[in-house]
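>
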Ligand SMILES: NC(=O)c1ccc[n+]([C@@H]2O[C@H](COP(=O)([O-])OP(=O)(O)OC[C@H]3O[C@@H](n4cnc5c(N)ncnc54)[C@H](O)[C@@H]3O)[C@@H](O)[C@H]2O)c1
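In my numbering, the protein residues as written are 1 to 428.
1) For the alpha helix (DSSP H) that residue 389 lies in, which residues bound it at each end?
2) Note down, one range per segment and in chain order, each alpha helix (DSSP H) of at least 4 residues found wholly within the segment 214-294.
3) Looking only at its chain, what residues have a beta carbon closer than 8 Å to the beta carbon of residue 406, apart from the 5 residues adjacent to it on each side?
4) Where does residue 144 fall in DSSP's three states?
5) Enumerate, from N- to C-terminal direction, the unbroken alpha helix (DSSP H) stretches of 4 or more residues contained entirely within the segment 136-219.
6) Let me check one thing: in DSSP terms, what residues is residue 126 bridge-paired to?
7) List the residues that DSSP assigns as beta-bridge partners of residue 310.
8) For residue 95, report the span of its alpha helix (DSSP H) as first-last.
9) How about residue 368 and residue 414: do their beta carbons lie closer than 8 Å?
10) Any idea what DSSP makes of residue 65, helix, strand or coil?
11) Would you say residue 330 touches ligand 1, meaning its beta carbon is less than 7 Å from a heavy atom?
12) Run through DSSP, which three-state label would residue 302 get?
13) How far does the alpha helix (DSSP H) with residue 406 in it reach, from first residue to last?
14) In the DSSP assignment, the beta strand (DSSP E) including residue 13 goes from what residue to what residue?
15) Under the three-state reduction of DSSP, which class applies to residue 329: helix, strand or coil?
16) Determine the direct distance from the alpha carbon of residue 110 to that of residue 215, and round the result to whole angstroms.
17) Is the beta carbon of residue 352 within less than 7 Å of some heavy atom of ligand 1?
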């Protein structure tokens, strides 16, 4: 495994609530103001000894330290990260003020954007290009310049931009050749998120998709990731309601309690909520939020318990709440002798506060995976996503406990490899 040296560039398409909360948090941790709550890469432990003893992740894995992280972003608005964070309204004024100098330095580059894919937004800070191929080349040039500016040899991209409309798999997604021809002839099936993913992979940069739209999870970009030897991960961060759903549903299945209905409703009032108010973008979200229950309850194996399950997911834009999302779940259960019961869950959370530590973990773990020579979809990172991107034919695991085991096993393997490599080094 290649050890960590030098700077690591974090590339963020989308400088909104999630991205700025992530940036502010990393800097606040570096300044010793806060603890890295919620980040497994910083506070997690994995079993590494025969007696089952658990070791701190940062001590047993050669992760890039937070001090090595540098940042670059793209957005359709020219506001720097300080202004963008203020507009997002997640963090309090005094917290942002303390991080102002750092956040002010992060000014977004012009975005690749098209309203056709995010109908509720428009902004002035956008690249012009004759073809999607030209736009991809412009992003590649941005990446090369951002790396050169800090002397970085490595980078990771995490797509944190608005959710794009749902796109079906199209012929231009099926192979790299077809995709590149599609870029040339401006195929409408190629969305901006896919152009960013293509640019990152061409530059040999690991890519994660924090949002539900189809990006690197198409055969063309899987092929490119394999070709370039780059790990990819996605999609749609599993933060609030779905996180709890993937804890509760396995418990009901283990107890063999029937589920007739699962009604999930959310209210949120940030820009993400505004974008998701559009039917096209909501369809992307609905797909990733809905598939988890079937994956966990296996109605094909238990038709008498889950065959009739009615699963309804709704998101409502409600401005007074801002980023402080609230979700309600009502689950209609069936027990012994067919008697009905109900379970109600009410989670008042903060969307970006839950998402930011996951972005940090993904950056550090994808960088580590790349240095270990892992390529293509990284199913061991399923823990972070509502709709895990796995290799074709590989089973998808939605239950959080299973995903946690997969994460720990992979990190354990990497830690043992790293330890063995250290032991074979010549002693100075
Ligand atoms: N916060 C969570 O818990 C959570 C969980 C899962 C997924 N997500 C997803 O993460 C994404 C970011 O969420 P957010 O709350 O930060 O949203 P946000 O609206 O605050 O930020 C998104 C930013 O992306 C920019 N943008 C849109 N299209 C772009 C493009 N093509 N290139 C560059 N920038 C572009 C917008 O101008 C905006 O500043 C959303 O898609 C959301 O659905 C969030």
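Ideal Cβ placement from N, Cα and C applies to all residues, glycine included.
No experiment lies behind these values; they were computed from the predicted model shown.
A quick look at the data gives this:
1) Residue 389 -> no alpha helix (DSSP H), and no H or E assigned at all.
2) Listed in chain order, the complete alpha helix (DSSP H) runs (minimum 4 residues) inside the segment 214-294 are 219-228, 241-254, 271-276.
3) 379, 380, 382, 383, 397
4) helix
5) 176-184, 192-202
6) 111
7) Paired residue(s): 261.
8) 93-98
9) Cβ distance < 8 Å, so residue 368 and residue 414 count as in contact.
10) Coil.
11) no
12) Three-state DSSP puts residue 302 in coil, outside helix and strand.
13) Per DSSP, residue 406 belongs to the alpha helix (DSSP H) from 400-423.
14) Annotation: the continuous beta strand (DSSP E) that includes residue 13 extends over 8-13.
15) strand
16) About 19 Å.
17) yes
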